[in-house]
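Following: one structure in structure tokens, then a few remarks.
2 protein chains.
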Amino acid sequence: MSEPLPHQPLTMAQIAAAAGVSIPTVSKVINQRADVAPATRERVERVMTEYGYVVNRAARSLRTGQSGQIDFVVQSLHSDYACEILRGVEDALASTEVRVVLASTHDYQQRERQWVQRLADGSTDGAILVLADKQSIHLQELRRRNIPFVVVDALGELGPDDLSVSATNLSGGKTATRYLLSLGHRRIAALMGPADHPCTQDRLTGYRLALQDAGIPIDPALIRYGDFHPASAYREMTSLLALPEPPTAVFVGNDQQCLGVYKALHEHGMPVPGAMSVVGFDDMPYSSQLAPALTTIRQPLLEMGRVATKMLLRLIAGEPVDTVRVELATPLIKRESCGSPRENC
Amino acid sequence: MSEPLPHQPLTMAQIAAAAGVSIPTVSKVINQRADVAPATRERVERVMTEYGYVVNRAARSLRTGQSGQIDFVVQSLHSDYACEILRGVEDALASTEVRVVLASTHDYQQRERQWVQRLADGSTDGAILVLADKQSIHLQELRRRNIPFVVVDALGELGPDDLSVSATNLSGGKTATRYLLSLGHRRIAALMGPADHPCTQDRLTGYRLALQDAGIPIDPALIRYGDFHPASAYREMTSLLALPEPPTAVFVGNDQQCLGVYKALHEHGMPVPGAMSVVGFDDMPYSSQLAPALTTIRQPLLEMGRVATKMLLRLIAGEPVDTVRVELATPLIKRESCGSPRENC
DNA sequence: CTGAAAGCGCTTACAG
DNA sequence: CTGAAAGCGCTTACAG
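Protein sequences appear in the order of chains A and B. According to our numbering, the first sequence holds residues 3 to 347 in order. According to our numbering, the second sequence holds residues 3 to 347 in order.
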């Protein structure tokens, strides 16, 4: 297995010579072609193992026109959100020879241009786009070059043939709100992410439907928007507490925002869940470690990355993909941050 | 600029034909060779821009033996820690044509083998290794193949010529402890990460030195180890509180562990910093958003990734690298989680 | 300053 | 079942 390898990379020609066959024969063995005699195949395989031979990627790529690489495109890796999805991508790729190349854009024009180059230079077989916009330059370029892609959590509408993966945001919003209703809450705030995110809109629709089903009028003063970061949520939560008739529960746009919500409540001496119930969205690794442990709607980010990647691999291989739009379930994870209203008062 | 491009990738031959020159001339223009007439250069450049031509990576790579890619190797991307470093890597690469390929191992044997293949297949010019071990298979393979690498936060000793980047952990530990001493604390616990991490050992040495300087004997009961995750810290903090003479302050191994510390204190009705002062390590984006905002030692992870990458690029280019070991400063970030002992009692 | 020629390491028809 | 030949798109001496 671990024979001492030479410092110079081996070539197929060397393997062929050592095995006493021609180069095409070695190639056929490597590419699992049927037309090789069993004895020959075995001999070649033995030599390759002995020498630790690995096919040169550049040469193969030049010949086949496939790079064996896909791009992971996201504005910023600076969020648990994107990292979780990326882990799912890696997971799905583990059993293949395909690699992920990172293409964060960070909003820099320069990087966008670099990325467009990348698409043209033949080193990308396909792309996973996180939070892509219909008008995104990325999408347009991919389409023009006929490079397959899958979008995770699309921002806005995609084309009818574009593949996408997301979570059941509407249903998640409904589940969260219904749960709070079931505990007896009647004034439930929604402290969402950005107003223009489809996620936000869908979750809010779920929230509204649940309230309507319960015959509770919707109070616009209880609907707030943040930016998925704690500071914005801290601000909005503080503002909600200043209302003449403050809510007794909040459905929050993501777990990260819950940090800001907790902070605002802490500073107002309002215990969770005694004085305020909180439901998050995502179920991040740290969410169970907050004090109190956060009740939240689980968003299967890793699974979303995995599913998107599997779809992309099929697309690249030219295999049929049955589902154009995949939505993954968003179950409620009950922990300690919810209770009945004024339970402790 | 944005002429409609053909769907078929262009070749250098097409550009040469369109510009009325030979292929080598186009190549020389692209590679900024001096021996091209100004007029010719201009004409070729105009045609390239007009057509939107981009050099094929595989062909160039096959010819030059360089892939224009580096590997980012880490056990798991599932930590803010690794993601921050990765952002730094991307940052340093933004002005180059080099790309990052992800190579998380997740402890899977299979992935390690895949990665060894990758090194052999010519698609890696160099590697950034996070938390690499001297005995790591990665390091050994890189050395054997003469592929340059830089280690961020080495686990254990490296070879004398191996480049590495880290933070001034010893000094950070000293700073944290001195700060707590300056507030009047005398019983200061250290709730560190894994005992065998060099980071932990260095920070602990800083802690010990600071206590010694202050003439305070070291109490082994106050030194605890975790795994950088909140749950372990929760456990150890709970245990510290059960001591006959509990500490009045804790120096914690990383900010994430502070979540567990906060949780334990919350459950024991011990306000921070009233009943317990807490200093973290890292200064993560969320640390300022905790309640109370966390006082911590800043570890410049992004900068570490950036510096490591710049060193690697020099190594790859065959340029001299002056510093073999780089240590970046770890300043104290004062926020709300520290106070004088029994201030509020 | 310019271009004809060789060759990087593979894969793919194709002839035997 | 096996292998000689062509060629993927570049870069690099080298001759003119």
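Ideal Cβ positions, reconstructed from N, Cα and C, are used throughout, including at glycine.
- A:M278 places its beta carbon 8 Å or farther from that of A:V254.
- Excluding sequence positions up to five before and after B:R43, its CB lies within less than 6 Å of the CB of V31, all in the same chain and listed in chain order.
- With respect to A:M306, A:S138 sits apart: the two C-beta atoms are not nearer than 8 Å.
- For a Cβ distance threshold of 7 Å, residue set P11, N58, R59 and A60 of chain A lies close to B:G124, ordered along the chain.
- In this chain, the beta strand (DSSP E) harbouring B:M194 covers I190 to M194.
- By the Cβ neighbour-count rule, A:E238 is buried, with 16 or more other Cβ atoms within 10 Å of its own.
- In this structure, B:V154 and B:I87 form a Cβ contact; the two beta carbons are roughly 6 Å apart against a cut-off of 8 Å.
- A:Y83 sits in a helix when the DSSP states are folded into three classes.
- In terms of Cβ geometry, A:S29 and B:A60 do not form a close pair [threshold 8 Å].
- The beta-carbon distance between B:T311 and B:V91, rounded to whole angstroms, is 5 Å. This is short enough to meet the 8 Å contact definition.
- Within the region 269-284 of chain B, the residues whose Cβ lies closer than 9 Å to any Cβ of chain A are, in chain order, E269.
- In this structure, the alpha-carbon of A:A19 lies about 39 Å from that of B:I17.
- If one requires a minimum length of 3 residues, the beta strand (DSSP E) runs lying completely within the region 216-290 of chain B are 225-227, 251-254 and 279-284, in chain order.
- Annotated as distal: B:R300 and B:P275, with beta-carbon spacing of 8 Å or more.
- Under the Cβ criterion of 8 Å, A:C85 is counted among the residues facing chain B.
- Between A:L267 and A:H199, the gap from beta carbon to beta carbon reaches 8 Å or more.
- Taking 8 Å as the cut-off, the Cβ atoms of B:D284 and B:D257 count as close.
- The beta carbon of A:V76 sits no closer than 8 Å to any beta carbon of chain B.
- DSSP assignment within the region 102-129 of chain B yields the following whole alpha helix (DSSP H) runs of 4 residues or more, N-terminal first: 111-122.
- Out of A:T107, A:R337 and A:V328, the CA that lies nearest to the CA of A:S290 is found in A:R337.
- Closest in alpha carbon position to B:L172, among B:T207, B:L165, B:R147 and B:M194, is B:T207.
- Around the C-beta of A:P248, 16 or more other C-beta atoms lie within 10 Å, and the residue is accordingly described as buried.
- In this structure, A:V281 places its C-beta atom within 8 Å of the C-beta atom of A:C340.
- Judged by their CB atoms, A:A122 and B:V56 are nearer to each other than the 8 Å cut-off.
- Take A:G124, set aside five residues on each side of it, and the residues of its chain with a beta-carbon closer than 8 Å to its own are S63, G67 and S69, in chain order.
- At a cut-off of 8 Å between beta-carbon atoms, B:Y53 makes no contact with chain A.
- For A:E92, the residues of chain B that pass the 7 Å Cβ criterion are L104 and S106, in the order they occur in the chain.
- Contacts with chain B at 8 Å (Cβ-Cβ) include A:G262.
- Residue contact check for B:K265 against chain A: a CB pair falls below 8 Å.
- For the 8 Å CB-CB criterion, B:H270 and B:L245 do not form a contact.
- With its beta carbon less than 8 Å from one in chain B, A:H80 belongs to the interface.
- Secondary structure note for B:S166: its beta strand (DSSP E) is the uninterrupted segment L165 to A169.
- The Cβ of A:P150 sits no closer than 8 Å to any Cβ of chain B.
- Considering only A:F74, A:V263 and A:P11, the residue with the shortest C-alpha distance to A:W117 is A:F74.
- Residues of chain B whose Cβ lies closer than 8 Å to the Cβ of A:P302 do not exist, since the nearest Cβ in that chain is about 15 Å away.
- Excluding sequence positions up to five before and after A:Q259, its CB lies within less than 8 Å of the CB of L193, G195, G228, F230, H231, P232, S234, A235 and G282, all in the same chain and listed in chain order.
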